[in-house]
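**Q**
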RNA sequence: GCCGAUGUAGCUCAGUGGUAGAGUACUUCCUUGGUAAGGAAGAGGUCAUGGGUUCAAGUCCCAUCAUUGGCUCCA
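Numbering (our numbering), first residue to last: 890 to 1530.
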């Protein structure tokens, strides 16, 4: 008998060789029907694998991420089987599960393939799923594996086998399809009840652009048709919220081929939104002891040679601008920190002066590859809400905490309530690739971890994810649809102070090197606004709405009263307008609703004679009539919340 | 940069090798109205660009450009 321990700490006894499936059955029939895989001692295995010794077990179902991954990985095999039936001679690369579904990289040879073929494949997959073919695992020697795929003529699988150790190789077979695979898999194909192939894309074999490009087919599967329907609805909703679509509809920004790729043009309403965000953050920063600085859009080549950016990212910058006489080279600035370092150097610094905090909404330009550009989230010119903090090593933790406060304040104010923070540390096994002393790294890493802990943040720690110049803390927010976005970042930097030979005079009257902290709560305004648009579906909180209210007169007879109302409400923080068009009130309301203007003020005979306004809230409808002053107080209250 | 898809009116999109279309927005006129689209008329086009096939190309072929889904990269 062996002891099996469950996640809740309970222990049960089973005969050695028991399978996860049998264990599930011993708990309940329902569980046995739904179990997809099992995690045994931290390793995910097939439910049919015998368990020989005492161990901990977690039975995985659709509700576990690992269960989903197993389900989708098995679905990739099912798709491969369907492809082999429909397109004989197809060669297979890799077919993993991904965050939402799976893909398989395949080589169709000379065959043309497009999304028109999806339906055939989906139908074939469902047909094969109905056979409830078991996924059968088989250990196999390297020689046998090589023979199998040599005969099949699949050079990709042979390439994969080359790197595998003899003795560790397994095949999985379902129906007539056998694949090299380490597993695990779901019990049989019958679990797969709903299939949707999503898109097709090119992908280099092993991500290497010198190798052959394969066809990558993305798909997603579910065990219930209704789950697929829900998922497709979510995608529809995401499409509806797409910032590129809303940006056009709400007249926030546009792009022009003539101006250039990836260079957003901010329209008046989008600019209003930008300005409000900038002022909001500036106010918060002034409170936190930041000073605003301003630097030019270009910098001398030598600046970037000093900073090291030229060597590392010169090719990803726009090519240099030359002065006509001297032929000196300038780069459009790809970041603000070198400029800020020079500001730090503009005068001698004492330890008493630190920390120094320089903030700038600096517009930077980076040459992103054309295929990379995407709406506002990937552009070639964008504005960072950048700041650089120069502090003593003993101040790093305290400064870090203050920055965390600022970032969280910003997220909360903008309605991003669900966030996680990733602490990115050095790869402990490869310290050589990082710059800076062990002592400083240790200090900085501990400072970040302690700062995050003291702020009670839920953090994930990733080793080897640090920048070469220092550890960092990245903030990921979840938007209203549950999608994750990386926004703010805080980074500790030992490299630039070194390269720019920054120093300060300590209490010991000796020169010391300051530590630099880079931070950007928004990341970039462009990207942040894109995420914000999608998060709130274009319905901005009142204080950010480009147009906060609109007055809708019943007819032109009330135009004068409308103007009076507008004048008495408008001030520095609240701006509205009048819809004076010769349209009926229903039409004016509809148009204002479509434009997502938060408040509509309807005025006609009744309101004018009583000196009131009828108020309508976007998405809610009529909320009754009130005095102008009362409405104004309500707006101010809503804005300051 | 590479692979796939797409490109028709300001916007959203129909269009079968044979005279360029709709809805909406826009302009003018009528209408003066009560909580999500009042009526009429008008104007608006190098069918992305350049080649080719054809008696004839928005439609078929090739190239280029842009958009888009991916790949690669991301200070």
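Just so it is clear, CB atoms sit at the ideal spot from N, CA and C, and this is done for glycine as well.
Just so it is clear, the structure is predicted and the values come from calculations on it, not from any experiment.
1. What number of angstroms, rounded off, separates the C-alpha of residue 962 from the C-alpha of residue 1133?
2. Going by Cα to Cα distance, which pick from 1186, 1108, 1010 and 934 is closest to residue 945?
3. Return helix, strand or coil for residue 1182, following the three-state DSSP convention.
4. Is the segment 1363 to 1383 touching the segment 1301 to 1319 in the sense that three or more CB pairs, one from each, lie closer than 8 Å?
5. Rounding to the nearest angstrom, what Cα-Cα distance links residue 1232 and residue 1247 in this structure?
6. Quick one: is residue 1027 buried, meaning 16 or more other Cβ sit within 10 Å of its Cβ, or exposed?
7. Assuming contact is defined by CB atoms lying nearer than 9 Å, are residue 871 and residue 1243 in contact in what I supplied?
8. Between the Cα of residue 1301 and those of 1173, 1125, 1361 and 1110, spot the shortest distance and give me the residue it belongs to.
9. Rounded to the nearest angstrom, what separates residue 1354 and residue 1396 at their Cα positions?
10. Quick check for students: name the residue ranges of the beta strand (DSSP E) that lie wholly in the segment 994 to 1043, counting only runs of 3 or more.
11. Give me whichever residues DSSP pairs with residue 1171 in a beta bridge.
12. Considering only residues of the same chain and omitting the five flanking positions on each side of residue 1083, which have a CB-CB separation below 6 Å?
13. For the 8 Å Cβ check, are there 3 or more pairs between the segment 1048 to 1060 and the segment 1078 to 1093?
14. Quick one: grab the DSSP three-state call for residue 1087.
15. Give me the Cβ distance between residue 1076 and residue 936, rounded to the nearest whole Å; I'm assuming they're in contact under 8 Å.
16. Taking buried to mean at least 16 other C-beta atoms within 10 Å of its own C-beta, is residue 1510 buried or exposed?
17. DSSP three-state label for residue 1386, please.
18. I need the straight-line Cα distance from residue 1138 to residue 1376, nearest angstrom please.
19. For residue 892, which of helix, strand or coil comes out of DSSP?
20. Would you call the CB atoms of residue 1532 and residue 1267 closer than 9 Å?
21. Is there contact between the segment 1152 to 1169 and the segment 1431 to 1446, where contact requires at least three CB pairs shorter than 8 Å?
22. Rounded to whole angstroms, what's the CA-CA distance from residue 1014 to residue 1203? Just pull it up for me.
23. Taking residue 1427 as the reference, which of 1339, 1158 and 1002 has the closest Cα?
24. For residue 977, does the count of other Cβ atoms within 10 angstroms reach 16, so buried, or fall short, so exposed?
25. Taking only the alpha-carbon atoms, compute the straight-line gap between residue 1483 and residue 1505 and give it to the nearest angstrom.
26. When DSSP builds the beta bridges, which residues end up paired with residue 1507?
27. Extract the residue ranges of the alpha helix (DSSP H) inside the segment 1090 to 1149, only unbroken runs of 4 or more that lie entirely within it.
28. Express the C-alpha separation of residue 960 and residue 1245 in angstroms, rounding to a whole number.
29. In angstroms, rounded to a whole number, what distance separates the CA positions of residue 1025 and residue 1016?
30. So, are the CB atoms of residue 1145 and residue 1389 less than 9 Å apart?
31. Is residue 1108 near the ligand FAD, going by C-beta to nearest heavy atom under 8 Å?
32. Under three-state DSSP, which class holds residue 1287?
33. Tell me whether residue 1359 is buried or exposed, calling it buried when 16 or more other Cβ atoms sit within 10 Å of its Cβ.
34. Please tell me whether residue 1020 and residue 1064 are closer than 9 Å, where the distance is taken between their beta carbons.
35. Comparing alpha-carbon positions, which option in 900, 905 and 1460 lies nearest residue 890?
36. Between which two residues does the beta strand (DSSP E) containing residue 1280 stretch?
**A** On the basis of the data shown:
1. So the two alpha carbons sit approximately 33 Å from each other.
2. Per the Cα distances, 934.
3. Coil at residue 1182, not helix or strand.
4. At 8 Å Cβ cutoff, the stretches touch.
5. Take the alpha-carbon of residue 1232 and the one of residue 1247: they are about 9 Å apart.
6. So residue 1027 ends up on the exposed side.
7. Residue numbering for the chain in the displayed model covers 890 to 1530; residue 871 lies beyond these limits and cannot be assessed.
8. Considering only alpha carbons, the answer is 1173.
9. So the alpha carbons of these two residues sit roughly 35 Å apart.
10. The beta strand (DSSP E) runs of length 3 or more contained entirely in the segment 994 to 1043 are, from start to end of the chain, 1025 to 1028.
11. Paired residues: none, contrary to the question.
12. Result list for residue 1083: 1111, 1114 and 1117, in chain order.
13. Output reads no: the segment 1078 to 1093 does not touch the segment 1048 to 1060.
14. In the structure shown, residue 1087 falls within a strand segment according to DSSP collapsed to helix, strand and coil.
15. Contact between residue 1076 and residue 936 holds, with the beta-carbon distance rounding to 6 Å and staying under 8 Å.
16. Of the residues assessed, residue 1510 falls on the exposed side of the cut-off, its CB having fewer than 16 other CB atoms within 10 angstroms.
17. Three-state DSSP puts residue 1386 in a helix.
18. Cα to Cα, the separation comes out at about 25 Å.
19. Strand at residue 892.
20. Because the chain is modelled from 890 through 1530, residue 1532 falls outside the range shown and cannot be assessed.
21. Yes: at least three Cβ pairs fall under 8 Å.
22. Note on geometry: alpha-carbon atoms of residue 1014 and residue 1203 lie some 48 Å from one another.
23. Looking at 1339, 1158 and 1002, the one whose alpha-carbon comes closest to that of residue 1427 is 1158.
24. Flag for residue 977 reads exposed.
25. Roughly 14 Å separates the two Cα atoms.
26. Answer by DSSP bridge pairing: none, since residue 1507 is not bridged.
27. Counting whole runs of 4 or more residues, the segment 1090 to 1149 contains the alpha helix (DSSP H) stretches 1114 to 1130 and 1132 to 1138.
28. Taking the CA atoms as reference points, residue 1245 sits about 53 Å from residue 960.
29. Those two C-alpha atoms are separated by around 19 Å.
30. Going by C-beta atoms, residue 1145 is not nearer than 9 Å to residue 1389.
31. As for the ligand FAD, it is missing from this structure, which has no ligand bound.
32. The answer is helix: DSSP assigns residue 1287 an H, G or I state.
33. Buried, since its Cβ has 16 or more Cβ neighbours within 10 Å.
34. Between residue 1020 and residue 1064, the CB-CB gap stays under 9 Å.
35. Selection 900, 905 and 1460 evaluated against residue 890 yields 905 as nearest (Cα-Cα).
36. Residues 1270 to 1280.
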